[in-house]
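**Student:** These protein sequence lines map, in sequence, to chains F and E.
For the first sequence, my numbering assigns the number 1 to the initial residue and increments by one for each residue that follows.
For the second sequence, my numbering assigns the number 1 to the initial residue and increments by one for each residue that follows.
Glycine is no exception: its CB is placed at the ideal position from the N, C-alpha and C atoms.
My structure is below; once you've seen it, I'll send some questions.
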Amino acid sequence: MSDQTTSKPSVRDLETRINHLDKRIQDIGDPITPAEVIQLRQFKRDRQELLRLCGHPTPADRVYLARHAGRPSVVDYVDHLFTDFFEQRGDRLFREDPSIYGGIAMFDEHPVTVIGTRKGKNLQENLACHFGMPCPEGYRKARRLMRQAEKFKRPIITFVDTAGAYPGQEAEENGQGEAIARNLAEMSHLRVPIIAVFTGEGGSGGALALGVANRLIMLENAIYSILSPEGFASILWKDASRSDEACSVMKLTAQDLYHLKVADEIVKEPLGGAHRDPDAVYHDLRRAIRENLRALSHLSGTELANRRMAKFRAYGVVDPKNSKNIES
Amino acid sequence: MSSNPFQKRREEIFNLKALRERRSITTMPDAIPIQQKTTICPKCHHALTLDELEENLHVCRCGYHFPIGSHYRLQLTMDPGTIREIGKSVKPFDWLHFPGYPEKLKAQRKKSGSTEGVSTVRGKIGGYSVVVAAMDTRFFMGSMGSAVGERITQAIELAERKKWPLIIFCASGGARMQEGIISLMQMAKTSAAMERLSRKGILSVMVLTHPTTGGVTASFAMLGDITLAEPGALIGFAGPRVIEQTIGEKLPEGFQRSEFQMEHGFVDQIVPRGDMRKTLIQLLRLHARS
Numbered sequence: 001m002s003d004q005t006t007s008k009p010s011v012r013d014l015e016t017r018i019n020h021l022d023k024r025i026q027d028i029g030d031p032i033t034p035a036e037v038i039q040l041r042q043f044k045r046d047r048q049e050l051l052r053l054c055g056h057p058t059p060a061d062r063v064y065l066a067r068h069a070g071r072p073s074v075v076d077y078v079d080h081l082f083t084d085f086f087e088q089r090g091d092r093l094f095r096e097d098p099s100i101y102g103g104i105a106m107f108d109e110h111p112v113t114v115i116g117t118r119k120g121k122n123l124q125e126n127l128a129c130h131f132g133m134p135c136p137e138g139y140r141k142a143r144r145l146m147r148q149a150e151k152f153k154r155p156i157i158t159f160v161d162t163a164g165a166y167p168g169q170e171a172e173e174n175g176q177g178e179a180i181a182r183n184l185a186e187m188s189h190l191r192v193p194i195i196a197v198f199t200g201e202g203g204s205g206g207a208l209a210l211g212v213a214n215r216l217i218m219l220e221n222a223i224y225s226i227l228s229p230e231g232f233a234s235i236l237w238k239d240a241s242r243s244d245e246a247c248s249v250m251k252l253t254a255q256d257l258y259h260l261k262v263a264d265e266i267v268k269e270p271l272g273g274a275h276r277d278p279d280a281v282y283h284d285l286r287r288a289i290r291e292n293l294r295a296l297s298h299l300s301g302t303e304l305a306n307r308r309m310a311k312f313r314a315y316g317v318v319d320p321k322n323s324k325n326i327e328s
Numbered sequence: 001m002s003s004n005p006f007q008k009r010r011e012e013i014f015n016l017k018a019l020r021e022r023r024s025i026t027t028m029p030d031a032i033p034i035q036q037k038t039t040i041c042p043k044c045h046h047a048l049t050l051d052e053l054e055e056n057l058h059v060c061r062c063g064y065h066f067p068i069g070s071h072y073r074l075q076l077t078m079d080p081g082t083i084r085e086i087g088k089s090v091k092p093f094d095w096l097h098f099p100g101y102p103e104k105l106k107a108q109r110k111k112s113g114s115t116e117g118v119s120t121v122r123g124k125i126g127g128y129s130v131v132v133a134a135m136d137t138r139f140f141m142g143s144m145g146s147a148v149g150e151r152i153t154q155a156i157e158l159a160e161r162k163k164w165p166l167i168i169f170c171a172s173g174g175a176r177m178q179e180g181i182i183s184l185m186q187m188a189k190t191s192a193a194m195e196r197l198s199r200k201g202i203l204s205v206m207v208l209t210h211p212t213t214g215g216v217t218a219s220f221a222m223l224g225d226i227t228l229a230e231p232g233a234l235i236g237f238a239g240p241r242v243i244e245q246t247i248g249e250k251l252p253e254g255f256q257r258s259e260f261q262m263e264h265g266f267v268d269q270i271v272p273r274g275d276m277r278k279t280l281i282q283l284l285r286l287h288a289r290s
């Protein structure tokens, strides 16, 4: 049960060493002398070995990878998986929230609504979209887009990568709780297929607000949890530095969530994480979305809503055969 | 009154629990009990004896509302002799095999006399049949794990089947961390049930009491037709400490309190504890089917 990988280096360390090697490989460029040729060959072999060590990441490794700045963002997924994207902005009530990115696009020649949480690629972008943490107006924009999708009978595909809803003063004043609650309530009843793709961090209610789906696909190194491991450790043990330990007990990896029947499917990532070979991820994800859409396409609107509600209704219902788990 | 001896016994137990809650001081992080029988109001720092507290329904003369237990609250609200518990068989479960969770649950049960962070009942208020859920911060801060979510969902579904109005007294620190993602899923489960109830045209009244935060605020607590609040209750999604850390400055006085939430459009009326039953009867009368 307990992991005996005490001496295994973390993916974070391996990554530093790989990047260091990459730099040296680049420095050599085109090898001229025989010594350089040999050195280059050795570096490449070392690099392979380091990448191999990235296999079997621990939960803490996966949290690191899920947050990796180089991971494809919703904008990348929209660019590579969809065509003819038309961006929609604003909640029609208050203002535009750039941390929710959404619109209409074509997927396999069919119109769909795409909505995702957006993290910035640089500091300026990140300040505008609160490091990917949406405000109430963002969730209300998402709801507006989803209602439209239902009106025009378009499937909805959401991409979730957020640390959570933005915990700011103005966000509270504008009803962060109400905005999320209303999304959960309405999303459960929508009469079109909903597929949620968790691509990185899935933080708490802020992630769930785009996650009430018929099918939930998680990337191999994505996480989904009730709060951040740091927050978890500081609340429960009053010690934020024990976050690695929290990663293990929280059951937040895609594999754990698959066993808990929260994730329906896991899409494999290349060794060392999605940022090592985004094209491979796009390819596998396209196939996964296509298959899931196909499986849902024959269901009526009522059936789609009923199945979705039944799925969520079952969470936390104790199987009587199993009820001896806690003595009372 | 029921003639069924089992029912009679159940009623006696319920009343005993309510009495115990009425005669004890709720220990909240911001309430400072100095001895067993006296507590200091965190707002005006007046020392209150237990008799004083009991007489004023656990409200200080300055208007501070102390949190109270769910049985006591139901007894205060509902018609005597009509209360039938509905959710007691739903028990918590250790989904993640979380270290120390079963022991912690046992300690909470012993401390509070409750089996979970919410009591769900059916009964009458002013002669109107209703389904009522009362959350209890004395049990794990009223946090929502699978059992709380399931009991509340069952209460919503009973209201839907019986076509009776639903009243929920909310009080919660948020989702229960020890049940992880399964706690999070309770937000979606209860919200979906609330939406279904709403589409059936059945009244729901949410009463927000101190504190209503986190996952409860971001689900059923914000989905009622009518939203009431007790004075001075902390109501919000993110906690004040988290927000202060994010923005790096102190929050203004009264931030996220009931009065603030009413001003910002999320609460219909603020109702003191002494007027709650009267107000609920008025609402039930206004929604009665003729």
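Strictly by DSSP, which residues pair up with residue 128 (chain E)?
**Tutor:** E:125
**Student:** Going by DSSP in three states, residue 155 (chain F) sits in which element: helix, strand or coil?
**Tutor:** coil
**Student:** If we require 4 or more residues per run, which alpha helix (DSSP H) segments fall completely within the region 21-89 of chain F?
**Tutor:** 34-53, 59-66, 74-81
**Student:** Between the Cα of residue 293 (chain E) and the Cα atoms of E:119, E:188, E:189, E:203, which residue gives the shortest distance?
**Tutor:** Because residue 293 (chain E) is not part of the residues shown, which for chain E are 1 to 290, the question remains open.
**Student:** Would you mind listing the alpha helix (DSSP H) stretches within the region 166-254 of chain F that are 4+ residues and don't spill past its ends, in chain order?
**Tutor:** The alpha helix (DSSP H) runs of length 4 or more contained entirely in the region 166-254 of chain F are, from start to end of the chain, 169-173, 176-189, 204-208, 229-236, 243-249.
**Student:** Using a Cβ cut-off of 8 Å (strictly closer), state whether residue 270 (chain E) contacts chain F.
**Tutor:** no
**Student:** To the nearest angstrom, how far is it from the Cα of residue 90 (chain E) to the Cα of residue 153 (chain E)?
**Tutor:** 11 Å
**Student:** Tell me whether the region 197-214 of chain E and the region 190-202 of chain F touch, counting them as touching only if at least three CB pairs, one residue from each stretch, are closer than 8 Å.
**Tutor:** no
**Student:** Is it true that the region 95-115 of chain E meets the region 42-55 of chain E, where meeting means three or more beta-carbon pairs spaced less than 8 Å apart?
**Tutor:** Under the 8 Å Cβ criterion, the region 95-115 of chain E does not count as touching the region 42-55 of chain E, having fewer than three qualifying pairs.
**Student:** Tell me where the alpha helix (DSSP H) around residue 242 (chain E) begins and ends.
**Tutor:** It spans 240-247 - the alpha helix (DSSP H) in which residue 242 (chain E) sits, taken as one unbroken run.
**Student:** Which same chain residues end up closer than 8 Å to residue 289 (chain F) when comparing Cβ atoms and leaving out the 5 residues on each side of it in sequence?
**Tutor:** 81, 107, 157, 195, 197, 217
**Student:** Evaluate residue 235 (chain E) with the Cβ neighbour count: other Cβ atoms within 10 Å of its Cβ, from every protein chain shown; 16 or more gives buried, anything less gives exposed.
**Tutor:** buried
**Student:** Specify whether the region 156-170 of chain E and the region 182-193 of chain F touch according to this definition: at least 3 beta carbon pairs, one from each stretch, less than 8 Å apart.
**Tutor:** no
**Student:** Under a three-way DSSP split, which group does residue 90 (chain E) fall into?
**Tutor:** coil
**Student:** Does residue 22 (chain E) get closer than 8 Å to chain F when you measure Cβ to Cβ?
**Tutor:** Cβ-Cβ to chain F under 8 Å: no for residue 22 (chain E).
**Student:** Check whether the region 58-68 of chain E and the region 9-29 of chain E are in contact - that is, three or more C-beta pairs closer than 8 Å.
**Tutor:** yes
**Student:** Evaluate contact between the region 207-223 of chain F and the region 178-186 of chain F, counting only Cβ atoms and requiring at least three cross-stretch pairs below 8 Å.
**Tutor:** For the pair of segments examined, the region 207-223 of chain F was found to touch the region 178-186 of chain F: the number of CB pairs separated by less than 8 Å reaches three.
**Student:** What I want to know is whether the C-beta of residue 70 (chain E) ends up closer than 7 Å to one or more non-hydrogen atoms of the ligand GTP.
**Tutor:** With respect to the ligand GTP, the structure shown offers nothing to examine, as it has no ligands at all.
**Student:** When DSSP labels each residue in this structure, what does residue 18 (chain F) get in the three-state scheme?
**Tutor:** helix
**Student:** Got a sec: is the Cβ-Cβ distance from residue 236 (chain F) to anything in chain E below 8 Å?
**Tutor:** yes
**Student:** Just to confirm the assignment: which complete beta strand (DSSP E) runs, minimum length 3, are found wholly within the region 176-262 of chain E?
**Tutor:** Here the runs fully enclosed are 204-213, 226-229.
**Student:** Does the CB of residue 167 (chain F) have a neighbour CB from chain E at under 8 Å?
**Tutor:** Interface residue, yes.
**Student:** Assign residue 161 (chain F) to one of three DSSP states: helix, strand, or coil.
**Tutor:** In the three-state DSSP reduction, residue 161 (chain F) falls in the strand class (E or B).
**Student:** Is the region 84-99 of chain E touching the region 235-254 of chain E in the sense that three or more CB pairs, one from each, lie closer than 8 Å?
**Tutor:** no
**Student:** Taking only beta carbons into account, state which residues of the region 232-259 of chain E come closer than 7 Å to chain F, listed in chain order.
**Tutor:** Using a CB distance below 7 Å, the part of the region 232-259 of chain E facing chain F consists of 236, 237, 238, 242, 243, 246, 247, 251, 256, ordered along the chain.
**Student:** Given residue 268 (chain F), which residues of its chain have a CB within under 8 Å of its CB, disregarding the five upstream and five downstream residues?
**Tutor:** 220, 284
**Student:** Do you know how far the Cα of residue 201 (chain E) is from the Cα of residue 152 (chain F)?
**Tutor:** Cα to Cα, the separation comes out at about 26 Å.
**Student:** Short of 6 Å in beta carbon distance, which residues of its chain neighbour residue 50 (chain F), apart from the five on each side in sequence? Order them along the chain.
**Tutor:** 14, 17, 18
**Student:** How many whole angstroms separate the CB atoms of residue 71 (chain E) and residue 147 (chain E), which I take to be in contact at a CB cut-off of 8 Å?
**Tutor:** A Cβ-Cβ distance of about 17 Å is found for the pair residue 71 (chain E) and residue 147 (chain E), leaving them out of contact under the 8 Å criterion.
**Student:** With 7 Å as the C-beta to C-beta threshold (strictly closer), list the residues of the region 179-205 of chain E near chain F in chain order.
**Tutor:** Going along the region 179-205 of chain E in chain order, one finds 180, 181, 182, 183, 184, 185, 186, 187, 188, 189, 191, 192, 194, 195 with a Cβ nearer than 7 Å to chain F.
**Student:** Just checking, does the region 94-105 of chain F make contact with the region 135-155 of chain F on the three C-beta pairs under 8 Å criterion?
**Tutor:** These segments touch.
**Student:** Touch check for the region 64-78 of chain F and the region 295-302 of chain F: three-plus C-beta pairs under 8 Å?
**Tutor:** no
**Student:** Using 8 Å for Cβ pairs, my map puts residue 131 (chain E) next to residue 164 (chain E). What's the rounded Cβ distance?
**Tutor:** 5 Å
**Student:** Would a check of beta-carbon distances place residue 288 (chain E) closer than 8 Å to chain F?
**Tutor:** No, no contact with chain F.
**Student:** Chain F beta carbons: is any one of them nearer than 8 Å to that of residue 209 (chain E)?
**Tutor:** no
**Student:** Along chain F, in chain order, which residues have C-beta atoms closer than 7 Å to that of residue 292 (chain E)?
**Tutor:** Coverage of chain E is limited to positions 1 through 290, which leaves residue 292 (chain E) absent and any answer about it impossible.
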